[in-house]
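Peer 1: Line order of the protein sequences matches chains A and B.
Per the working numbering, numbering through the first sequence is continuous, rising by one, with the last residue being 798.
Per the working numbering, numbering through the second sequence is continuous, rising by one, with the last residue being 470.
Quick one: the structure is below, and I'll ask about it shortly.
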Amino acid sequence: MTALLLAVLLAAEAPAVEGVAPPAAAERLVGPEATAGLGVLGASYAQPGYRLGDAHFTPVVTARYLLGGFTTDAGVLLAVPLTRDGMALAFTGSLRIGWTWRAWSAVGGVVMQWASGATPASQWLPSLRVSGDFGTVGMTLGVLDHFALVPAHLSFDFRAERRRFSLGWVVPIGLVAGADLPLSEGFGLRCTAFAFKAFQAEVAMFTVAGTFGGGR
Amino acid sequence: MRRLVLAAAVGLTACTPRLGLDGTSPSLATLGQGLPRGFLMGTATAAHQVEGGNDNDWTDWEKGSFPDGTPHIVDGDQSGLACDSWNRFDDDLAAMQALGAKVYRFSVEWSRLEPTEGAWDRAAMDRYREWTVKLRAAGIEPMVTLHHFTLPKWVAAKRGFETEDTQAAFVAYTRRVAEALGDTVDTWCPFNEINVYAAQGYLGGIWPPGVKDDTALQVTVMANMLKAHAAAAAALREVDTVDADGDGRATVLTTAHHVRIFQPASHSVLDTAIAGLTDDVANEAVPRALKTGRIRFSVPGTIEIDEVVDGLAGSIDELGLNYYTRDILRADLGSAALSYSYFKAGRPSNDLGWDLYPDGLYLMLTRFSSYGWPISITENGTADATDSFRTEYLAQHVAAIERAAREGVDVRAYYHWSLMDNFEWAEGYSARFGLYRVDFDGTRDRVPTSAVDAFKTIVENIRR
């Protein structure tokens with residue numbers, strides 16, 4: 583993994599082929615960004631007359647950094663259960679790397695969740711996100727995206743001036759939606775929500791975050 | 007879409023109502039007054055665990071060991087003479103009377119009644135009849151379980167409920183018992199804990215036949231037992247036409263269904279989804295099949311069963327719930343069960359480490375009341391060798407029943423597991439579940455624990 587990272591970093595720093603200038607950061611689909619937000623998360627499973635689950639308070643911080651096209655996407659999420667004696671307090675860390683072009687960006691990596699008192703304490707899952715730009719409409723495909731909380735989703739972006747709205751389908755049945763609302767140069771608000779049902783599980787989350795930097 | 011939005015809203019605020027009964031000490035002075043008028047309190051046992059002298063598939067299993075040399079039963083125990091109830095039923099009856107019990111759930115032993123195929127032991131049947139007559143004379147309503155985990159050796163040799171063929175033999179046995187006991191028994195329970203029998207024998211591999219990690223066979227066995235239940239229920243209704251207690255019903259059919267709280271370890275989608283799947287197979291599939299008449303088991307990537315069974319819908323009149331504890335589930339995709347199951351650390355627990363979680367009984371009562379059947383608690387109890395927390399356990403669980411009843415749940419009876427210490431399957435004689443202590447190396451007298459007085463007080467507090 584270290585060798586692969588070095589290779590990618592070296593490739594990112596490699597001089598451009600004569601006559602073919604690499605795209606500047608501003609010309610790439612996404613740019614460096616940091617977000618900090620708060621959310622609520624409900625995770626439960628249901629049967630007729632029965633729902634077992636908990637609501638959680640979820641502080642979340644994410645960051646994305648681009649070195650040339652090489653993209654690092656990382657974040658941490660803390661899930662604090664709001665009920666006594668329910669699900670465990672859990673910390674989730676996500677680290678994904680990939681590449682960003684003018685119209686595409688792809689990152690993949692791992693999500694590690696550590697749950698207090700759980701056996702085993704940690705749980706590792708892969709995570710993938712691919713975004714594309716088709717003019718006024720963009721598309722994002724995610725597998726175990728959003729800290730591996732969403733099994734898979736296919737979302738479409740719509741831009742209106744500097745604002746961006748997205749709506750998508752969560753597999754097997756559910757919705758994911760988001761909005762980026764710029765408040766000033768380099769600062770804005772991002773609202774993200776998803777809700778889905780997978781087998782008997784029903785999960786829903788709503789997050790509001792401040793964004794620093796730019797890009798999708 | 008509306009349903010999805012609703013699910014999202016509820017999901018965000020989903021907090022299962024927890025009563026916080028654990029750690030409380032409900033007042034015995036009034037406990038029972040909140041139970042429905044005429045609520046029935048009693049105890050439960052099973053033939054192989056108390057009778058002694060049985061010869062069935064379990065007696066073979068008890069002599070064996072796992073490949074690593076560990077005996078199948080803790081401490082290498084064998085059921086042997088057990089509580090010797092076969093010869094000391096009068097002692098058991100006296101113990102029940104001292105409790106003020108109004109109901110008694112016990113099982114008849116198929117291997118005793120039909121030790122070889124087609125050969126019936128009339129004397130053994132007469133003894134069971136003697137018991138039901140004595141119970142009724144003592145004002146104790148018997149509930150007879152026909153299968154409580156054991157099989158005659160000749161049935162086990164034919165692969166038991168792994169095959170549908172066993173159904174015919176089980177129905178023949180059921181008819182014999184109904185013919186002999188029907189005029190003294192109204193309440194019948196063809197099977198005890200179909201889900202546990204299949205899980206321990208075919209997933210955990212710790213009960214006979216000792217098959218491990220065979221999920222397909224596990225759910226096949228459950229399906230075959232449900233089919234046998236439907237056929238046995240029909241036979242009981244056909245044969246037992248005598249209303250023994252004069253309540254207008256000659257038969258009351260039930261099943262003793264083991265339910266557990268399966269709590270996801272964390273908010274992780276994997277933990278939540280797998281806890282939901284486990285709950286569906288273990289808790290929901292059997293009542294759903296009994297309600298709809300359609301057996302549906304889905305273990306993704308392993309087996310799908312979807313079959314409508316004649317006579318299954320309507321084959322019970324009441325639902326029996328056996329409730330003990332709560333499991334925490336952490337996803338483990340490498341295991342057949344898809345999860346690692348454990349008890350939460352730092353919680354009150356019994357001698358076997360089981361979480362003492364009375365809220366779970368309330369949750370299960372409110373949950374299964376949605377099916378519309380009257381409910382009885384056909385088992386509930388705890389392993390407490392030092393007689394230090396059984397009274398509190400009993401009080402907290404009765405308080406949970408009171409709460410559910412106040413909220414409209416039609417709950418009618420409570421059978422404490424167990425009347426006395428007994429052979430606790432893989433745990434052997436190490437787990438002490440009895441309201442009465444039994445010294446298995448000594449006289450086998452039934453010695454009251456401190457919970458006997460509490461039980462009696464609760465019975466006296468019930469409005470008649």
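Ideal Cβ positions, reconstructed from N, Cα and C, are used throughout, including at glycine.
1. Roughly how far, in whole angstroms, is the beta-carbon of B:D357 from the beta-carbon of B:A389, given that I think they are within contact range, below 8 Å?
2. Please decide whether B:Y348 counts as near chain A, where near means a Cβ-Cβ distance under 8 Å.
3. So, using beta-carbon positions, are A:V693 and A:S709 closer together than 8 Å?
4. Mind pulling the chain A residues with CB within less than 8 Å of B:Q269?
5. Quick one, are the C-beta atoms of B:A125 and B:G48 less than 8 Å apart?
6. If you measure beta-carbon to beta-carbon, which residues of the segment 707-739 of chain A are closer than 9 Å to chain B?
7. Within this structure, are the beta carbons of B:A175 and B:P214 separated by less than 8 Å?
8. Any idea what DSSP makes of B:T463, helix, strand or coil?
9. For the alpha helix (DSSP H) containing B:D132, name the first residue and the last one.
10. Looking only at C-alpha atoms, which of A:E615, A:L671, A:F778 sits nearest to A:L757?
11. Within 10 Å of its beta-carbon, does A:L586 have 16 or more other beta-carbons around it, so buried, or fewer, so exposed?
12. Between A:L726 and B:P158, what straight-line distance do the alpha-carbon atoms span, to the nearest angstrom?
13. Residues of the segment 611-629 of chain A with a CB closer than 8 Å to any CB of chain B: list them in chain order, please.
14. When the distance is taken between beta carbons, is A:Y627 closer than 8 Å to A:G635?
15. Any idea which residues DSSP pairs A:G680 with across the strands?
16. Closer than 9 Å by beta-carbon distance: list the chain B residues that pair up with A:G699, in chain order.
17. Does the count of Cβ pairs from the segment 370-382 of chain B and the segment 343-351 of chain B closer than 8 Å reach three?
18. Assuming B:S117 is part of the alpha helix (DSSP H), what are its boundary residues?
19. May I ask you to verify whether the segment 218-228 of chain B touches the segment 129-148 of chain B, counting CB pairs closer than 8 Å and requiring at least 3?
20. Cα separation between B:E57 and B:R94?
21. Less than 8 Å between the beta carbons of B:Y363 and B:D28, yes or no?
22. Quick check: is the beta carbon of A:P641 nearer than 8 Å to any beta carbon in chain B?
23. For a contact defined as C-beta to C-beta under 9 Å, what are the partners of A:P814 on chain B?
24. Taking any Cβ of chain B, which residues in the segment 765-793 of chain A have a Cβ under 9 Å from it, in chain order?
25. Looking at the C-beta of A:R672, does it have a partner C-beta in chain B at a distance below 8 Å?
26. For the 8 Å Cβ check, are there 3 or more pairs between the segment 199-209 of chain B and the segment 176-183 of chain B?
27. B:E310 CB to nearest chain A CB: under 8 Å?
28. Would you call B:K233 buried or exposed, if buried means 16 or more other Cβ atoms sit within 10 Å of its Cβ?
29. In terms of residue numbering, what span does the beta strand (DSSP E) encompassing B:P32 cover?
Peer 2: From the atom records:
1. 4 Å
2. yes
3. yes
4. L634, G668, M669
5. no
6. L707, L726, A730, L731, V732, P733
7. no
8. helix
9. 128-143
10. A:F778
11. Unreliable positioning characterises A:L586 in this predicted model, as indicated by a pLDDT of 35, which lies under 50. The coordinate reading is nonetheless provided below. When all chains shown are included, A:L586 counts as exposed.
12. 50 Å
13. V622, L623, G624, A625, S626, Y627, A628, Q629
14. yes
15. A:T653, A:V689
16. A271, I334, K350, A351, G352
17. no
18. 116-119
19. no
20. 9 Å
21. yes
22. no
23. Past the edges of chain A, shown from 583 to 798, lies residue 814 of chain A, and the structure says nothing about it.
24. A775, F776, A777, F778, K779, A780, F781, Q782, A783, E784, V785, A786, M787, F788
25. The sequence shown places Ala at residue 672 of chain A, rather than the Arg named in the question. Yes, A:A672 counts as interfacial toward chain B.
26. no
27. no
28. buried
29. Element bounds for B:P32: n/a, residue is neither H nor E.
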